[in-house]
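J.: Starting off with a structure, shown below.
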Amino acid sequence: MFLDLDGDGPQYAQLTRALKGAILDGRMAAGARLPPTRELAQELAVSRTTVLAAYEQLRAEGFINGRVGSGSYVTRLQIAPALQPADSEAIPPASRYAERARRLRNRGIAGMHHGLRYDLLYGDPVTNPALNAAWGRELARAAAYSSLKVTSSWGLPALRQQICDYLARRRGVQARPENLLIVTGTQQAYALCARALLDEGDTVVLEEPHYFGAHHVLDAHGADFLPVRTDDDGLVCSDLPDMPPKLISVTPSHQFPTGAVMSLPRRLELLRYAASKRCWIVEDDYDGELRYDGHPLAALRSLDESDRVIYVGTFSKTLFGALRLGYMVLPTALCNDFNTAKYLIDMSSPGIEQAALAHFMESGGFERHLRHARKELKTRREALIEGLRRHAGERVQIVHSPAGMHVVAWLNGYDHARAEALIAYAHDRGLGLHPIAPHYLAPPARPGLLLGYCNLSTTELREAMRLFGECLAAVPAAAG
Numbered sequence: 028m029f030l031d032l033d034g035d036g037p038q039y040a041q042l043t044r045a046l047k048g049a050i051l052d053g054r055m056a057a058g059a060r061l062p063p064t065r066e067l068a069q070e071l072a073v074s075r076t077t078v079l080a081a082y083e084q085l086r087a088e089g090f091i092n093g094r095v096g097s098g099s100y101v102t103r104l105q106i107a108p109a110l111q112p113a114d115s116e117a118i119p120p121a122s123r124y125a126e127r128a129r130r131l132r133n134r135g136i137a138g139m140h141h142g143l144r145y146d147l148l149y150g151d152p153v154t155n156p157a158l159n160a161a162w163g164r165e166l167a168r169a170a171a172y173s174s175l176k177v178t179s180s181w182g183l184p185a186l187r188q189q190i191c192d193y194l195a196r197r198r199g200v201q202a203r204p205e206n207l208l209i210v211t212g213t214q215q216a217y218a219l220c221a222r223a224l225l226d227e228g229d230t231v232v233l234e235e236p237h238y239f240g241a242h243h244v245l246d247a248h249g250a251d252f253l254p255v256r257t258d259d260d261g262l263v264c265s266d267l268p269d270m271p272p273k274l275i276s277v278t279p280s281h282q283f284p285t286g287a288v289m290s291l292p293r294r295l296e297l298l299r300y301a302a303s304k305r306c307w308i309v310e311d312d313y314d315g316e317l318r319y320d321g322h323p324l325a326a327l328r329s330l331d332e333s334d335r336v337i338y339v340g341t342f343s344k345t346l347f348g349a350l351r352l353g354y355m356v357l358p359t360a361l362c363n364d365f366n367t368a369k370y371l372i373d374m375s376s377p378g379i380e381q382a383a384l385a386h387f388m389e390s391g392g393f394e395r396h397l398r399h400a401r402k403e404l405k406t407r408r409e410a411l412i413e414g415l416r417r418h419a420g421e422r423v424q425i426v427h428s429p430a431g432m433h434v435v436a437w438l439n440g441y442d443h444a445r446a447e448a449l450i451a452y453a454h455d456r457g458l459g460l461h462p463i464a465p466h467y468l469a470p471p472a473r474p475g476l477l478l479g480y481c482n483l484s485t486t487e488l489r490e491a492m493r494l495f496g497e498c499l500a501a502v503p504a505a506a507g
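Letter by letter, the sequence shown follows residues 28 to 507 of the numbering used here.
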C-alpha cells in the first residue's frame, strides 16, 4: 500500500492522516481489509506500536472497525457529495485550444454508423487472417529479444533503416535514417506540424476537398485556412495565394477523397512555389502503395530539390489501424524541432511494436502482405463498381480512380437534404453510407458518397449494392 507520511508531528498522527485520506478519496473502499499491523509496520519502516496507535485512533473516529480473528476493515461511511459552485462562471475557463477542440468534437463527422450489416466505411485496411498469425509471431519474437527501455524519440534505428530502404525501392524517396521520425500515425504527424511550424493565425493551404482529420488537428491549433480547389490533375496551383502560407497540405499520389493524381507539371509547379515562397509542404502519402493498374507512382518528395517537403506515411492503412505507427521524412532544417516536439508529446512510440515491424519488413513479410492486399482490394473494388453500375445505373456518377480503398460516387439529381434522407433510410435498412461533404470547408455543389470496400467480402459488396439500389428507388432524387 502506498501511503505518503507528511512529516508533520508524531508518526502515528502522520499515519492516521494518510490512512484517513486514502479512505476519504476512495483509494480504500468501504469493506476493504487493512493490512495487518506487523506487515504495514515493516512496509513503512515504523514500529508496530505506531501502526497500532493509528488503527486505534481510526477505530475511535469510526473510520474502521475490527473483527476478532479477522483484522480491521474500512467502515461504510455516509459522505455527502461535494458542493458544486453555485455560479458556473466560477469554473476556470478552458484554453483556446481546448475550446476549439471541443467545438470540433461536438460537430462530429456525419455518417458514422455502428452495428450495421453492410457498412461501406472507408479507411480501414483489408482484413487478412494470415497477417494476424504473422504479426503474433513477430510480437512474440520482439518481446523476447527487445530491450524494455524507452526507445529514442526518433524511433528504433532498425525500423528507420527498413523504412528508408522501402521508400527508396517503392516510393522513389531517398531518405536517411537521421531525417526519419517514427510517429503514432498521421494524426500525430499533423499535430507535430502544428506544434513545430504554426502559431495561431498562420495560414494553411488545404486541398478542397481534403482529409478532415488534418483539418481538425490544424484547426484546433488555431490555423487559418485557405482552401484551394482540385481537379482531375490534383491541386490547382494557379490558385495558390501571392502571400505565402506557412504550410500546404496535399495528397498528390491519390487525392483524398476524390482519387485524382497530381500531374507531373502540377507537382513541379507546386515545388517551385514552395521554394520561392519559402513555405513547407506536407505530403500525406496515406495509401500510395495501393494502385491496381500498374506500379505505384513516385512520391512528390522524390522530386523535391529544395528540401521543402515533409513526407508522411502510415502503416495503419497497409497493415491494421490498431498498430498506430507511422513516419515522417523531414527536411534537414526541421529535424531538431520536430524531434523535440515528439519528445514533449509522448517521449517515443512503442518500442516492441517497432521492433516487430522492423523484422517483419526485413523478412519480406510486409511486402508479401502488400501484394496480397493489392490483389484482394482490386477484386473487391471491381465487385463494388460492377454492383454500382448494375443497381444504381445513371443515378450515380462513379469517379474513376484505380487506387486506394474507396470509390467516390456523386448522386445525380439529389440535393443535400435529399441525400441525407437517403443515408438515413439506408441506415434503417442496415446499410452504412458515408457522405463526402464533411471533407469540404464549403459544401460541394452536389452531394456524393465515399463507398469503402475493405470491410466487406465480394459477396457482401454485391448484396450491399443491391440494397443500395433499392434505397435509391425508395428515396429518389425528386420527392414524390
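No residue lacks a Cβ here, since even glycine has one placed at the ideal position from N, Cα and C.
(1) In the DSSP assignment, find the alpha helix (DSSP H) that holds Met289 and state where it starts and stops.
(2) Please report how far the alpha carbon of Arg293 lies from the alpha carbon of Arg416, in whole angstroms.
(3) Would you grab the beta carbon distance between Ser97 and Ile209 for me? Rounded to a whole angstrom, and I think it's under 8 Å.
(4) DSSP three-state call for Pro254: helix, strand or coil?
(5) If we ignore side chains and look at the alpha-carbon of each, how far apart do Asp35 and Gln41 end up?
(6) Tell me the DSSP secondary structure of Trp181 in three-state form.
(7) Going by the beta-carbon positions, is the gap between Cys191 and Leu207 smaller than 8 Å?
(8) Under 8 Å Cβ to Cβ from Asn155, same chain only, skipping five residues before and after it: list those, please.
(9) Please classify Met7 as buried or exposed, where buried requires at least 16 other C-beta atoms within 10 Å of its C-beta.
(10) Quick one: using the 10 Å Cβ neighbour count with 16 as the cut-off for buried, is Arg407 buried or exposed?
(11) Can the beta-carbon of Ala419 be found closer than 8 Å to that of Phe495?
(12) Consult DSSP for Ala221 and reduce its assignment to one of helix, strand or coil.
(13) Among residues of its own chain, excluding the 5 on either side of Arg493, which ones have a beta-carbon nearer than 6 Å to its beta-carbon?
(14) Any idea if His427 is buried or exposed, counting beta-carbon neighbours within 10 angstroms, 16 or more meaning buried?
(15) Taking Cβ positions, are Leu488 and Pro284 nearer each other than 8 Å?
(16) Exposed or buried, which one is Gly138 when buried takes at least 16 other CB atoms within 10 Å?
(17) I'd like the span of the alpha helix (DSSP H) that includes Ile50, first residue to last.
(18) Below 8 Å, how does it come out for the region 361-369 and the region 341-349: are there three or more Cβ pairs, yes or no?
(19) Using the beta-carbon count (16 or more within 10 Å), is Val177 buried or exposed?
(20) Span of the beta strand (DSSP E) holding Thr341?
(21) What's the gap between the Cα of Pro279 and the Cα of Val200?
(22) Is the beta carbon of Tyr100 less than 8 Å from the beta carbon of Leu46?
(23) Is the CB-CB distance between Gly431 and His281 below 8 Å?
(24) Report yes if the C-beta distance between Arg328 and Tyr319 is below 8 Å; otherwise report no.
(25) DSSP on Ile136, reduced to helix/strand/coil?
(26) What does a CB cutoff of less than 7 Å around Val423 pick up in its chain, not counting 5 residues either side in sequence?
(27) So for Tyr124, helix, strand or coil by DSSP?
(28) Under 8 Å between the Cβ atoms of Pro474 and Tyr452?
(29) How long is the line joining the alpha carbons of Arg54 and Pro37, rounded to whole angstroms?
(30) Grouping DSSP H, G and I as helix and E and B as strand, with all else coil, what is Val153?
(31) Using a Cβ-Cβ cutoff of less than 7 Å, which residues in the same chain neighbour Ala385 once the five nearest sequence positions on both sides are dropped?
(32) Could you tell me which whole alpha helix (DSSP H) segments of length 4 or greater appear in the region 395-439?
(33) For the candidate residues Ala287, Gly249, Ser265 and Ala241, whose alpha-carbon lies nearest to that of Val309?
(34) Verify whether the separation of the beta carbon atoms of Leu148 and Gly457 is less than 8 Å.
(35) Go ahead and pull the three-state DSSP assignment for Ile275.
(36) Go ahead and pull the three-state DSSP assignment for Met355.
T.: With the structure as the only source:
(1) No alpha helix (DSSP H) contains Met289, which DSSP labels as neither H nor E.
(2) 32 Å
(3) Between Ile209 and Ser97 the Cβ distance is about 53 Å, and since that is not below 8 Å, they are no contact.
(4) strand
(5) 7 Å
(6) coil
(7) Yes; because the gap between Cβ atoms is below 8 Å, this pair is in contact.
(8) His396, His399, Ala400 and Glu403
(9) In this structure the chain extends from 28 to 507, so residue 7 is not present and cannot be described.
(10) buried
(11) yes
(12) In this structure, Ala221 counts as helix in the three-state DSSP scheme.
(13) His418
(14) exposed
(15) no
(16) Bear in mind that the predicted position of Gly138 carries a pLDDT of just 44, short of 50, making it unreliable; the figure below should be weighed with that in mind. Buried, by the Cβ-count rule.
(17) Gln38 to Leu51
(18) no
(19) Answer is exposed; the Cβ neighbour count stays below 16.
(20) Val336 to Thr341
(21) 14 Å
(22) no
(23) Yes, they are a contact pair.
(24) no
(25) Its pLDDT being 49, under 50, Ile136 is placed unreliably in this model, and the coordinates cannot settle the point.
(26) Leu415, Ala436, Trp437, Leu438 and Asn439
(27) Here Tyr124 sits in helix by DSSP.
(28) No.
(29) 24 Å
(30) coil
(31) Leu183, Ala185, Leu186 and Gln189
(32) none
(33) Ala241
(34) Contact check for Leu148 against Gly457 fails: the beta carbons are separated by 8 Å or more.
(35) strand
(36) strand
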